[in-house]
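Single-structure report; data block below.
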Amino acid sequence: AQTVTQSQPEMSVQEAETVTLSCTYDTSENNYYLFWYKQPPSRQMILVIRQEAYKQQNATENRFSVNFQKAAKSFSLKISDSQLGDTAMYFCAFISGSARQLTFGSGTQLTVLP
Amino acid sequence: NAGVTQTPKFRILKIGQSMTLQCAQDMNHNYMYWYRQDPGMGLKLIYYSVGAGITDKGEVPNGYNVSRSTTEDFPLRLELAAPSQTSVYFCASSGTSGRNEQFFGPGTRLTVL
Chain B
37 AQTVTQSQPE MSVQEAETVT LSCTYDTSEN NYYLFWYKQP PSRQMILVIR
87 QEAYKQQNAT ENRFSVNFQK AAKSFSLKIS DSQLGDTAMY FCAFISGSAR
137 QLTFGSGTQL TVLP
Chain U
6 NAGVTQTPKF RILKIGQSMT LQCAQDMNHN YMYWYRQDPG MGLKLIYYSV
56 GAGITDKGEV PNGYNVSRST TEDFPLRLEL AAPSQTSVYF CASSGTSGRN
106 EQFFGPGTRL TVL
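If you want it as structure tokens, here you go:
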């Protein structure tokens, strides 16, 4: 079974600074997809970024980028120029190419301080 | 487009009562999902569907039932509610498969007393 581990239950960062959230996963498959979802206090789940395992290039979306280390099974999220609106719970999620369901990590609560 | 809608937003049930959580999407997505989120935890899959008439169990299906008679609707039924089912329930949908983005509804907060 696949597992996703987020070892940082809580983090904080000063506004305008950069922060990195960690995620590791365990799988024996070679074809899979990784996601970071954001859940602000409104509770709405929002996709932040998506990475396909077969792509060597790290995904980027504006201020959000990932460091995908396939051999180490690591998928960290970097948030640059942090904004107050980035305060949220961040979930790492995994799905293998043959599966039909996402596996979520336990989340990291990020607080951006003014 | 409304995206994924869920009703109700909040509900309090007594032990042993039953209820149906409604979920609808207007994006013509084939895949739909029900998750539960317990405090401080990630989401766990209850049931999912890959199209009308097809449903399958997820990680935590006990105490729940689903049906998928149309592409748009995917209701979740709780029979004989128990305190362990106190949680926030999310419905989600995706177009072709779980490998693509899942769009989530706003959630239903359910308390069983």
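Line order of the protein sequences matches chains B and U. Letter by letter, the first sequence follows residues 37 to 150 in the working numbering. Letter by letter, the second sequence follows residues 6 to 118 in the working numbering. By construction, the Cβ of each residue, glycine as well, lies at the ideal position given by its N, Cα and C atoms.
Three-state class that DSSP yields for residue i in the structure shown
i, result
"Asp43 (chain U)", "coil"
"Leu26 (chain U)", "strand"
"Gly110 (chain U)", "coil"
"Leu120 (chain B)", "helix"
"Thr54 (chain B)", "coil"
"Arg99 (chain B)", "coil"
"Ala107 (chain B)", "coil"
"Glu65 (chain B)", "coil"
Spatial distance of residue i from residue j (CA atoms)
i, j, result
"Arg114 (chain U)", "Glu51 (chain B)", "31 Å"
"Leu57 (chain B)", "Leu146 (chain B)", "9 Å"
"Thr91 (chain U)", "Pro76 (chain B)", "21 Å"
"Asn35 (chain U)", "Ala57 (chain U)", "8 Å"
"Phe104 (chain B)", "Thr60 (chain B)", "10 Å"
"Tyr90 (chain B)", "Val102 (chain B)", "15 Å"
"Phe140 (chain B)", "Tyr38 (chain U)", "14 Å"
"Phe111 (chain B)", "Ser43 (chain B)", "12 Å"
Buried/exposed call for residue i, threshold 16 Cβ in 10 Å
i, result
"Cys144 (chain B)", "Reading off the sequence, residue 144 (chain B) comes out as Thr, not Cys. Thr144 (chain B) comes out buried."
"Lys125 (chain U)", "Residue numbering for chain U in the displayed model covers 6 to 118; residue 125 (chain U) lies beyond these limits and cannot be assessed."
"Arg41 (chain U)", "buried"
"Leu122 (chain B)", "According to the sequence as given, residue 122 (chain B) is Asp; it is not Leu. So Asp122 (chain B) counts as buried."
"Ser118 (chain B)", "buried"
"Leu85 (chain U)", "exposed"
"Arg99 (chain B)", "exposed"
"Ser132 (chain B)", "buried"
Exercise for the section: Taking only runs that begin and end inside the stretch 60 to 94 of chain U, name each unbroken beta strand (DSSP E) of 3 or more residues, in chain order. Expected result: 69 to 71 and 81 to 83
Exercise for the section: Select from the stretch 49 to 70 of chain U all residues with a C-beta closer than 8 Å to any C-beta belonging to chain B, and list them in chain order. Expected result: Lys49, Leu50, Tyr53, Val55, Asp61, Gly63 and Glu64
Handout entry: Proximal residues, the stretch 73 to 98 of chain B versus chain U, C-beta separation under 7 Å
Key = Cβ contacts with chain U: Arg79, Gln80, Met81, Leu83 and Arg86.
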